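Residue numbers (the numbering used here): 3 to 247.
Below is one structure, written out as structure tokens; comments come after it.
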């Protein structure tokens with residue numbers, strides 16, 4: 003699903019070169035839940051941005067669903083993101099002038115041929131999946147942080163992305179809502195075919211992810227097998243079999 007090869011990335015700050023990524027390589031299979039952890043400044047958010055086609059490395063390759071991202075121009079990448087990629091951000095990125103239903107609908111309004119009735123039906127279905135259907139007509143300013151993030155999660159899944167990138171999705175939430183959001187993401191990862199990559203400083207995510215990649219000083223320094231990896235294989239296989247029928 004995602005293959006990253008020998009990524010290097012640096013920035014120039016006050017005339018000095020800062021190496022952010024140093025020869026980073028990894029591979030993620032379809033349907034996996036991967037957590038990328040590490041302290042601030044370790045390069046994890048830059049790695050996520052490059053993996054999603056939002057930034058370009060100085061050297062290396064990124065292949066997403068068989069597509070070499072660095073060979074594509076910005077128009078191609080924008081189309082690819084609209085069709086295959088979902089995003090969740092720490093500050094939610096909801097449009098304040100749109101209600102919850104309209105925010106969740108937005109990816110389909112912009113990147114699908116569905117009519118308005120079908121889009122509304124799908125948006126309500128996803129609001130129900132994140133336990134927010136009763137808040138469909140509320141605006142972001144009327145929601146708590148945990149509720150806003152659940153709306154953002156529904157929006158990120160509505161177009162059935164092949165892969166979903168979440169950048170510090172619990173950073174602006176209290177512990178209770180943070181745990182709720184991570185459990186919800188893990189549950190949706192099991193129930194859909196979407197691959198999930200979460201960048202976080204929260205080491206407790208290791209209990210939910212299939213694998214954890216730990217970063218330090220621009221490098222992946224350790225790979226940890228998540229506690230639930232063996233438990234997740236069965237539901238993923240059942241889900242795939244059901245889809246073929």
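We put the beta carbon where it would ideally sit given N, CA and C, even for glycine.
Just so you know, these numbers come straight off a predicted model, no measurement behind them.
Query	Result
Looking at C-beta atoms only, is the number of pairs between the segment 10-27 and the segment 79-94 that lie closer than 8 Å three or more?	no
On the premise that residue 62 lies in contact with residue 7, defined as a C-beta separation below 8 Å, what is that separation, rounded to the nearest angstrom?	6 Å
Inspect the beta-carbon positions of residue 139 and residue 105 and report whether they are closer than 8 Å.	no
Measuring straight from C-alpha to C-alpha, what distance separates residue 136 and residue 171?	23 Å
Relative to the C-alpha of residue 160, which residue among 11, 109, 175 and 13 is closest?	109
In the DSSP assignment, what are the bridge partners of residue 88?	166
Evaluate the contact criterion for the segment 39-50 versus the segment 215-223: three or more CB pairs, one atom per stretch, below 8 Å.	yes
Would you mind working out which of 112, 107 and 113 sits nearest residue 119, comparing C-alpha positions?	107
Please classify residue 3: is it buried, with 16 or more other beta-carbons within 10 angstroms of its beta-carbon, or exposed?	buried
If you draw a straight line from the alpha carbon of residue 11 to that of residue 59, how long is it in whole angstroms?	5 Å
Skipping 5 residues on each side, what residues in its chain have a beta carbon closer than 7 Å to that of residue 242?	Summary for residue 242: the model assigns pLDDT 42, below 50, so the residue's position carries little reliability, and this model does not support an answer.
Note the first and the last residue of the continuous beta strand (DSSP E) segment covering residue 5.	4-15
If you run the structure through DSSP and keep just helix, strand and coil, what is residue 31?	coil
Which whole-angstrom value is the C-beta distance of residue 175 and residue 183, which I expect to be below 8 Å?	6 Å
In angstroms with no decimal places, state the Cα-to-Cα distance between residue 94 and residue 36.	20 Å
Identify the continuous beta strand (DSSP E) that holds residue 136 and give its terminal residues.	From DSSP, residue 136 is part of no beta strand (DSSP E); its letter is neither H nor E.
Report, in whole angstroms, the separation of the C-beta atoms of residue 155 and residue 186, which I expect to be a contact under 8 Å.	6 Å
Under 8 Å between the Cβ atoms of residue 200 and residue 173?	no
Are the C-beta of residue 57 and some C-beta of chain C separated by less than 8 Å?	In summary, chain C is missing from the structure at hand, where a single protein chain is found.
Given that a residue counts as buried once 16 or more other Cβ atoms are within 10 Å of its Cβ, and exposed if not, what is residue 103?	buried
Under three-state DSSP, which class holds residue 107?	helix
Run through the DSSP bridge pairs and tell me what residue 217 is partnered with.	222
Taking the straight line between their C-alpha atoms, what separation do you get for residue 9 and residue 144?	42 Å
DSSP beta-bridge partners for residue 37?	200 and 214
Is residue 77 near the ligand FAD, in the sense that its beta carbon is under 7 Å from a heavy atom of that ligand?	Absence of the ligand FAD is noted for the structure shown, with no ligands found whatsoever.
Within 10 angstroms of the Cβ of residue 34, are there 16 or more other Cβ atoms? Answer buried if so, exposed if not.	buried
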